[in-house]
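The structure under discussion appears below in the form of structure tokens.
Residue numbers (this note's numbering): 88 to 737.
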């Protein structure tokens, strides 16, 4: 589009010199405000309680702001109550009512305190942005209250009259809730989720609801996310993988309560085919989060084995129909001597199987599903494809997700950029085309974007669905980054060498500055000002590992929000924050600790990089867009004044 055509389109939105000039003034003023605070989290793994507390408390920042605002003017218990009110207003209001404390005095004081906190939080934003973030039905009222100068006697009376009206018309509860949610929203200007929302924890659906409500969010796909996407789009092997993963953590809630996945036929198959099998190798994990599950543990183990065997058959079928995946050496079912219970590894070394009960496997055709198994996977897959709640969440994931993202000089991706030991980018060849580095990331982005729109009859659909399995655990998948996933070996083989999953060299090289710089150059980023932000690999803080390396250029922020990893990490997750002053890492305790201190909780925060001067909006990606629009509007005004384009004041 040439410049004149573009200016004529712009003139429809700004039809006069006055309107264009007014917009320039507004944008110029906006550009010198401080940048908003960005929050980065990864590897949520369905741990909705911890995630929601971190988000609603702005990673403990709300409690800090309360201290800054009120200092010693409020008691610690009142400040704690105020913090808890902001985090969970409905619950705290109900408790206050039950204790007969929901009085006019409490209401007036609370609204006054909340307005002060909201005013502090909103101070870095334009008035228009705060108005836009406020629900329309209270927009004018909250805008007025936030901008009243209390020092004036007349304004104090005016403010008190507003409070009187709120109480008189009996909307105080709704108004307090709205203020709390506004504070939550303003505290986090933008939220980056660096992969793995799903699996392990019991309610990823609640996390997705929170993200949808937030809106100012982006997501970088993790391998646990793409296997769910594959299951939703109709991949049988990914559907098996999702169900197996959930059952292995005794986590039926995420499937049945979260998304209505029908496991009835799987339950029947487990009863009928494995009724006399103790399934010792398939016992489910018991965590605090799932120890009260209503499912019988032996039955859960049998369901676990039943779905695992189906998955193993489907995986081996996938290896055969996709030779370009280079997984033919993973045809493990064809290397089993079922009669003698012996498995031969890739080097033909024999290993005794730890479990030799395979009632649904035909030794002559081990990859073939039985009719009952076929019925089970068809039923499960249909549940994934027809779940309305899952569709809503997947549509959101497609709209806000990507394989990687560059935002304000930060390169975000979940796992790795596959590399060789010498630091070169590892190559993946498919259909005679070779991809590496950025082009490999773009290739998988293209696979996801094309697959989501494919018709069921598309001849390329099965291959596209198979790629979601490859992204889950393929050796050159940027979401995975290991030589293999040893699910089968972990169940059946003792030898640790056979089980071993070799990590891609990226995970060690990215901690070295020159290789981080090489990655920045691959993505046309400035090595002097850029950062890599990853998740995927839990940082074992308990062993002295650090989340920051490569001279402050590489961040790995998987600190174990998922309960399943907290014994390994020694903490319960990291939050990386990027505000106008600095980058900082917050180290969290688990949800029980957060709850036990009754609003007093703040994480351990370490500033990792301070900026030489305060970062303004004009210094960000948004600022570049603002500058471009200002230049375009200036050109439009010139066109109006020269008569090239006519003003329209009607």
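Even glycine gets a Cβ: it sits at the ideal position worked out from N, Cα and C.
Decide if residue i is buried, meaning its Cβ has at least 16 other Cβ atoms within 10 Å, or exposed.
i: residue 356; result: buried
i: residue 96; result: exposed
i: residue 287; result: buried
i: residue 155; result: exposed
i: residue 223; result: exposed
i: residue 480; result: buried
i: residue 577; result: exposed
i: residue 696; result: exposed
i: residue 653; result: buried
i: residue 122; result: buried
i: residue 547; result: exposed
i: residue 574; result: buried
i: residue 475; result: exposed
i: residue 426; result: exposed
i: residue 59; result: Past the boundaries of the shown model lies residue 59; the chain is included only from 88 to 737, so the question cannot be answered.
i: residue 570; result: exposed
i: residue 91; result: exposed
Work out the CA separation of residue j and residue i for me, nearest whole Å.
i: residue 297; j: residue 674; result: 22 Å
i: residue 180; j: residue 98; result: 50 Å
i: residue 36; j: residue 316; result: No information on residue 36 is available, as it lies outside the stretch 88 to 737 that the chain covers here.
i: residue 259; j: residue 267; result: 12 Å
i: residue 487; j: residue 399; result: 32 Å
i: residue 377; j: residue 333; result: Summary for residue 377: the model assigns pLDDT 49, below 50, so the residue's position carries little reliability; its value from the coordinates is reported in the next sentence. The straight-line gap from Cα to Cα measures roughly 11 Å.
i: residue 383; j: residue 367; result: 14 Å
i: residue 167; j: residue 483; result: 35 Å
i: residue 125; j: residue 729; result: 43 Å
i: residue 510; j: residue 364; result: 49 Å
i: residue 559; j: residue 722; result: 49 Å
i: residue 582; j: residue 433; result: 13 Å
i: residue 225; j: residue 251; result: 15 Å
i: residue 213; j: residue 664; result: 21 Å
i: residue 281; j: residue 292; result: 17 Å
i: residue 401; j: residue 324; result: 6 Å
i: residue 617; j: residue 661; result: 20 Å
i: residue 379; j: residue 351; result: Note on residue 379: pLDDT 49, under 50, position unreliable in the model; the coordinate value appears next. Each residue's alpha carbon lies about 21 Å from the other.
i: residue 416; j: residue 435; result: 11 Å
i: residue 220; j: residue 145; result: 16 Å
i: residue 538; j: residue 712; result: 31 Å
i: residue 270; j: residue 148; result: 11 Å
i: residue 229; j: residue 209; result: 12 Å
Residues in the same chain with beta-carbon distance under 6 Å from residue i, minus the five sequence neighbours each way, listed in chain order, please.
i: residue 477; result: 319, 346
i: residue 628; result: 656, 657, 658
i: residue 572; result: 560
i: residue 525; result: 609, 610
i: residue 348; result: 342, 470
i: residue 150; result: 170, 689
Quick one: residues in its chain with C-beta nearer than 7 Å to the C-beta of residue i, no 5 flanking neighbours on either side, listed in chain order?
i: residue 698; result: 668, 669
i: residue 826; result: Any question about residue 826 goes unanswered here, given that the chain covers just 88 to 737.
i: residue 335; result: 371, 372, 391
i: residue 404; result: 454
i: residue 431; result: 422, 437
i: residue 717; result: 111, 114, 115
From the DSSP output, which residues share a beta bridge with residue i?
i: residue 127; result: 279, 663
i: residue 168; result: Paired residues: none, contrary to the question.
i: residue 670; result: 665, 696
i: residue 221; result: None; residue 221 has no bridge partner.
i: residue 492; result: 499
i: residue 517; result: 520
Excluding the 5 residues preceding and the 5 following residue i in the sequence, name in chain order all residues of the same chain whose CB lies nearer than 8 Å to its CB.
i: residue 197; result: 169, 172, 263
i: residue 354; result: 386, 390
i: residue 528; result: 490, 491, 500, 504, 565
i: residue 361; result: 389, 392, 393, 444, 446
i: residue 406; result: 412, 414, 415, 417, 418
i: residue 175; result: 143
i: residue 614; result: 603, 604, 607, 608, 640
Three CB pairs or more closer than 8 Å across the segment 410-429 and the segment 451-471: Touching, yes, given that three or more Cβ pairs across the two stretches are closer than 8 Å.
Any chance the segment 114-121 sits against the segment 703-720, with 3 or more Cβ pairs inside 8 Å? Short answer: they touch.
Quick check: the segment 322-337 against the segment 388-405, are there 3 or more CB pairs under 8 Å? The segment 322-337, when compared against the segment 388-405, does touch it at the 8 Å Cβ threshold.
Touch check for the segment 226-234 and the segment 201-216: three-plus C-beta pairs under 8 Å? Between the segment 226-234 and the segment 201-216 there are three or more C-beta pairs closer than 8 Å, enough to call the two in contact.
Whether or not the segment 98-114 and the segment 268-281 are in contact is what I'm after, with contact meaning three or more pairs of Cβ atoms, one per stretch, closer than 8 Å; do they touch? With a cut-off of 8 Å, the segment 98-114 and the segment 268-281 do not count as touching, because too few Cβ pairs lie within range.
Hey, is the segment 632-642 in contact with the segment 541-560, meaning 3+ C-beta pairs nearer than 8 Å? Contact fails: fewer than three Cβ-Cβ distances are below 8 Å.
Evaluate the contact criterion for the segment 578-587 versus the segment 458-468: three or more CB pairs, one atom per stretch, below 8 Å. Remark: fewer than three beta-carbon pairs, one from each stretch, lie closer than 8 Å, so the segment 578-587 and the segment 458-468 are not flagged as touching.
Is it a yes or a no for the segment 641-655 touching the segment 615-625, going by three-plus beta-carbon pairs under 8 Å? The segment 641-655 vs the segment 615-625: in contact.
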